[in-house]
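Asks: Have a look at this one.
Number of protein chains: 2
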Amino acid sequence: MANNKLYKGSLITIILKLLDEGGKMYGYEITQKVKVITKGKLKITEGALYPALHKLEADGMLDVEVEKVDNRLRKYYKLTEKGSKETNSKLQELQDYIKTMQLLVNPKFSLD
Amino acid sequence: MANNKLYKGSLITIILKLLDEGGKMYGYEITQKVKVITKGKLKITEGALYPALHKLEADGMLDVEVEKVDNRLRKYYKLTEKGSKETNSKLQELQDYIKTMQLLVNPKFSLD
DNA sequence: AAATATACATAAATTTCTTATGTATAAGAT
DNA sequence: ATCTTATACATAAGAAATTTATGTATATTT
């Protein structure tokens with residue numbers, strides 16, 4: 000993703016949040032959107048993205064709708080109700096993670 | 000660590016930062032310190048911690064010093080100069096990660 | 001005509017962590 | 001006295017997420 004191991008574990012959160020905003024998106028579109036938003040700093044690889052989308056679908060988080068545009072296939076994904084709840088949960092986990100990490104690395108007060 | 004996949008990839012950063020503050024610490028001490036600072040939210044397991052310490056040592060980030068206290072063994076680790084630089088680098092990566100993730104999940108402005 | 005972009009997919013290998021297990025001493029509880 | 005918990009290290013099997021490497025196919029740009 001970015002030669003930065005901290006992104007490990009973040010892919011599902013990113014996908015869910017983009018779908019939460021974007022309404023419905025297809026895989027390739029997600030990779031491009033992430034590139035634009037992060038100004039190229041973060042690149043979602045296909046080898047990570049597609050299995051992640053398949054897993055989210057299998058877990059009932061996403062619904063799929065296949066379309067053919069310019070004779071090319073697109074698989075549009077959108078959040079199910081379950082996926083919408085999961086998005087909120089994942090975003091909360093991200094906020095918790097950030098708070099906890101800042102506790103660990105920003106020792107404003109001595110805690111001994 | 001916390002049933003939150005976002006912590007994946009964070010262990011090295013946590014260890015390095017604690018050693019940066021603590022001067023020298025031994026493994027068990029690190030697990031306890033993390034528990035205290037995070038009020039029990041984050042627990043470093045031994046199965047993750049010890050291999051991580053060994054790897055950091057092998058990579059020249061840490062120096063070891065064995066001590067015997069109350070007839071029990073302690074392996075004190077401290078940052079080498081290389082490890083000190085790596086700490087700064089890892090902390091920068093954490094700030095970058097947080098900024099990028101906030102860009103992705105806090106769409107203050109429409110970017111289309 | 002060749003290279004790049006769009007659009008999907010999977011499989012082997014790697015990395016990181018969990019879970020389980022093992023050894024050994026010290027301290028606290030019953 | 002004995003059992004449990006705490007202190008202190010260690011490793012190995014398995015799981016999960018991702019990287020890297022391929023593969024197919026059509027459209028667009030050079």
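Listed in order, the protein sequences are those of chains A and B.
Counting in numbering that gives the first Met the number 0, the first sequence runs from 0 upward without gaps.
Counting in numbering that gives the first Met the number 0, the second sequence runs from 0 upward without gaps.
All C-beta atoms in this analysis are idealised placements derived from N, C-alpha and C, irrespective of residue type, glycine included.
Keep in mind it's a predicted model, so treat the numbers as computed, not measured.
#1: So, Thr79(B) versus Gly59(B), is the Cβ gap smaller than 8 Å?
#2: Taking 8 Å as the threshold, find out whether the segment 96-105 of chain A comes into contact with the segment 90-97 of chain B through three or more Cβ pairs.
#3: Would you mind giving the Cβ-Cβ distance between Lys7(B) and Gly8(A), rounded to the nearest angstrom? I have them listed as a contact below 8 Å.
#4: At 7 Å on the CB atoms, spell out the chain A contacts of Thr44(B), in chain order.
#5: What residue range does the beta strand (DSSP E) around Leu5(B) cover?
#6: In whole angstroms, what is the alpha-carbon distance linking Leu48(B) and Ala1(B)?
#7: Check the Cβ-Cβ distances between Ser88(B) and every residue of chain A, and say whether any is below 8 Å.
#8: Given that a residue counts as buried once 16 or more other Cβ atoms are within 10 Å of its Cβ, and exposed if not, what is Lys54(B)?
#9: Determine, for Val104(A), whether the minimum Cβ-Cβ distance to residues of chain B falls below 8 Å.
#10: Tell me Tyr25(B)'s beta-bridge partners as DSSP assigns them.
#11: Are three or more beta carbon pairs between the segment 64-82 of chain A and the segment 15-24 of chain A nearer than 8 Å?
#12: Run down chain A in chain order and give the residues with a C-beta less than 8 Å from the C-beta of Thr37(B).
#13: Give, in chain order, every residue of the segment 1-20 of chain B whose Cβ lies closer than 8 Å to some Cβ of chain A.
#14: Do you know how far the Cα of Ile11(B) is from the Cα of Arg71(B)?
#15: When you compare only the Cα positions, how much space is there between Asp69(B) and Lys32(A)?
Replies: On the basis of the data shown:
#1: yes
#2: At 8 Å Cβ cutoff, the stretches touch.
#3: 4 Å
#4: Simply none; closest approach about 16 Å.
#5: From DSSP, Leu5(B) is part of no beta strand (DSSP E); its letter is neither H nor E.
#6: 14 Å
#7: Closer than 8 Å: no.
#8: exposed
#9: yes
#10: Looking at the DSSP assignment, Tyr25(B) forms a beta bridge with Tyr75(B).
#11: The segment 64-82 of chain A is in contact with the segment 15-24 of chain A.
#12: Thr99, Leu102 and Leu103
#13: Contact annotation: in the segment 1-20 of chain B, residues whose CB is within less than 8 Å of a CB in chain A are Ala1, Asn3, Lys4, Leu5, Tyr6, Lys7, Gly8, Ser9, Ile11, Thr12, Ile13, Lys16, Leu17 and Glu20.
#14: If I take the Cα positions, the gap works out to 26 Å.
#15: 58 Å
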